[in-house]
Structure formats: C-alpha cells, structure tokens
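Chemist: One structure, as structure tokens, below. Some questions next.
Number of protein chains: 2
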Amino acid sequence: MQRPFVHPPIEDVTLEAILYALSDPARLEIVRKLTAGGCPMNCSTAAPVHLPKSTQSHHYQVLREAGLIRSERRGTEVVNTLRCSEIGEKFPNLMQTILKASEISPPRP
Amino acid sequence: MQRPFVHPPIEDVTLEAILYALSDPARLEIVRKLTAGGCPMNCSTAAPVHLPKSTQSHHYQVLREAGLIRSERRGTEVVNTLRCSEIGEKFPNLMQTILKASEISPPRP
DNA sequence: TCAATAGTTCAATATTCTTGAACAATCGGA
DNA sequence: TCCGATTGTTCAAGAATATTGAACTATTGA
C-alpha cells in the first residue's frame, strides 16, 4: 500500500528546513525547474536525469516535508507544485532571492 | 600543532554551501549574533551556550568553509567576522533576506 | 488480462554529525 | 619562569543520514 503524501501546514514550515532542502544541488535544480516551467510539473520532468529514481523520490520527499512543494498523484504520475504564495507570505522575498542567487555562476571545476 | 584557518576565496563560495551552513539552528544563531552584535565577535560569545565546545568548534568550521565567516586567532581567543561585503556582492540581498526570515516566529513546540 | 509506465519502499552500504577526552597555545600572576 | 586558567582544536567512536539497487505498487492503455 502506498502512503498518502503528507504536507506540513505553513505554520510548521521552518526557515531551517527550507534552507536545508535547497542546499542540495539536485533539489535546488528541481525547484528551479518548477519555477521556470511555471508549475505544476511531474517528477520525472523536473528531476535531474542522471540520478537513480529512488534517489529522486527521496529528494521529492525532502522538498515536500520542508513545505516547498505539494505533490498530487494523477494516475500513474505525481504532479508537483511549488507552494509559492504560502511561502512568499511567510518568508517575504526568500524564494526569489535564493533563486536569483542560484543563477550566479558556480565556481570552475 | 594547530592548523591555520582556511578561508575559501569568494569565487569558490557556493550558494549551496551557504544554505547548508545556515540550515542548522546553531549556526544560524551564530550568524544572527555576529550580525546583530556588529562583528567581530569571539567564538564563545557567539555560539549557543548549551552545545559542547567540540560541537561549537565544528559549527564554526562549517561556517568558515562555506565562506560565511572569517576567523582569526587573537591570543587565546578566535575572533570571527561575517564576510558581509564579499557575500553581498556575489549574492545580492541573500543574507539580509535570510536573516530577516529568521526573525519569523518558529512553530510552536 | 498483460505489459508498460511512474514512483515508492526496503535494506544495506556509505557518508556525515555529534561529542567526550586528550591536546595545544596563550595569558596573567606568583 | 613556571603554573594554572582560559579558549579552542583534534581525534576517535558511536549515532544519525544519505544513496541506491532491487523488489514492489498503482494506474493506464492495448
């Protein structure tokens, strides 16, 4: 049996959990795609392609539990949406500023 | 022999490392104190009192390696300063917005 | 009914965190 | 100068998390 998705109410969403969720490159990329593509977007579309699907699934769980995304099953797929407005109300400018910062060129390899 | 502190050049400072460093409540509190107190500030002053000192030392190392603080030995103490201007130039508004968000009331226990 | 699709769950390994204990460096006073 | 106090670092071991292959679930379409 597959467990239903759990989404924390916005009151329980913490800055620390958001920062932690976004501190992983794969998760940050997912959120960037969800923002850019104009949510919603399903898992396989938003996730970096090179990761195993069990790892991807884990990353979505972290994002969900941090309160950043909302996930809904649509048939065989899962559709994810950013919880933009709720987060924007609780933490003004946070997502915009972080996403803007994520456009800065990363250090050379 | 005690190793000298290593501070990454600002080009090597990544958003991910900053977010990760700030995702820990103790480290976020340290940075908040450094900001509020008008840096510089030594370790024992800035760190949450309830943590073992080896843990505190570890948190300063994470902050240092993320590029958030600069540490200098002054006699028996270590003085830490936020690398405000450098970070502010590379990631505009990032620190201000995160620190502002950190003032939001956390969820009830 | 069956195969394909899209994810989830589990379990094992790998990595990272936390912290007590020992150590290092500096300072101030006797 | 020697000693003890102060500040913090380093090490090592156990605790906690992350990663991922493999098995499984649910849904859809033929």
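Residue numbers (the numbering used here), protein chains in the order written: chain R, 1 to 109; chain C, 1 to 109.
The beta carbon of each residue, even a glycine, is placed where N, CA and C say it ideally should be.
1) Quick one: residues in its chain with C-beta nearer than 7 Å to the C-beta of C/Arg-83, no 5 flanking neighbours on either side, listed in chain order?
2) Give a yes or no on whether 8 Å exceeds the smallest Cβ distance from C/Pro-52 to chain R.
3) Give me the chain R residues within the contact set of C/Ser-102, using Cβ-Cβ distance strictly less than 9 Å, ordered along the chain.
4) At a Cβ threshold of 8 Å, is C/Leu-68 touching chain R?
5) Please return the same chain residues whose Cβ sits closer than 7 Å to the Cβ of R/Ser-74, not counting the five positions on each side in sequence.
6) If you follow the alpha helix (DSSP H) that R/Ile-87 is part of, which residue opens it and which one closes it?
7) So the candidates are R/Ile-98, R/Ala-26, R/Lys-33, R/Thr-81; which of them puts its Cα closest to the Cα of R/Pro-52?
8) Give the interface partners of R/Pro-25 over in chain C, defined as CB-CB distance under 7 Å, in chain order.
9) What does C/Lys-33 reach in chain R if we use C-beta pairs closer than 7 Å?
10) Using only CA atoms, which one of C/Ala-17, C/Asp-24, C/Val-31, C/Ser-54 lies nearest to R/Ala-17?
11) Would you call R/His-59 buried or exposed, if buried means 16 or more other Cβ atoms sit within 10 Å of its Cβ?
12) Could you confirm whether any beta carbon from chain C is found closer than 8 Å to the beta carbon of R/Tyr-20?
13) Are the CB atoms of R/Val-62 and R/Ala-21 within a distance shorter than 8 Å?
14) Among residues of its own chain, excluding the 5 on either side of R/Pro-8, which ones have a beta-carbon nearer than 6 Å to its beta-carbon?
15) If you follow the alpha helix (DSSP H) that R/Ile-98 is part of, which residue opens it and which one closes it?
16) Step through the CB atoms of chain C and report whether any lies within less than 8 Å of the CB of R/Leu-28.
17) At a Cβ threshold of 8 Å, is R/Asn-42 touching chain C?
18) With the cut-off set at 8 Å, would you say R/Ile-112 and R/Glu-86 are in Cβ contact?
19) What is the DSSP secondary structure of C/Ser-71, counted as helix, strand or coil?
Modeler: A quick look at the data gives this:
1) Gly-67, Leu-68, Ile-69, Arg-70
2) With a threshold of 8 Å between beta carbons, C/Pro-52 makes no contact with chain R.
3) Leu-15, Glu-16
4) no
5) Looking at the sequence shown, residue 74 of chain R is not Ser but Arg. Listed in chain order, the non-local C-beta contacts of R/Arg-74 below 7 Å within the same chain number zero, local neighbours out to five positions each way being set aside.
6) 84-90
7) The closest CA to that of R/Pro-52, considering only R/Ile-98, R/Ala-26, R/Lys-33, R/Thr-81, is found on R/Ala-26.
8) Glu-16
9) Under the 7 Å cutoff, chain R gives no residues; its nearest Cβ is about 16 Å from C/Lys-33.
10) C/Asp-24
11) buried
12) Closer than 8 Å: yes.
13) yes
14) Gly-67
15) 94-101
16) It does; some Cβ of chain C falls within 8 Å.
17) no
18) Because chain R in this structure spans residues 1 to 109, residue 112 of chain R falls outside the shown range and cannot be described.
19) strand
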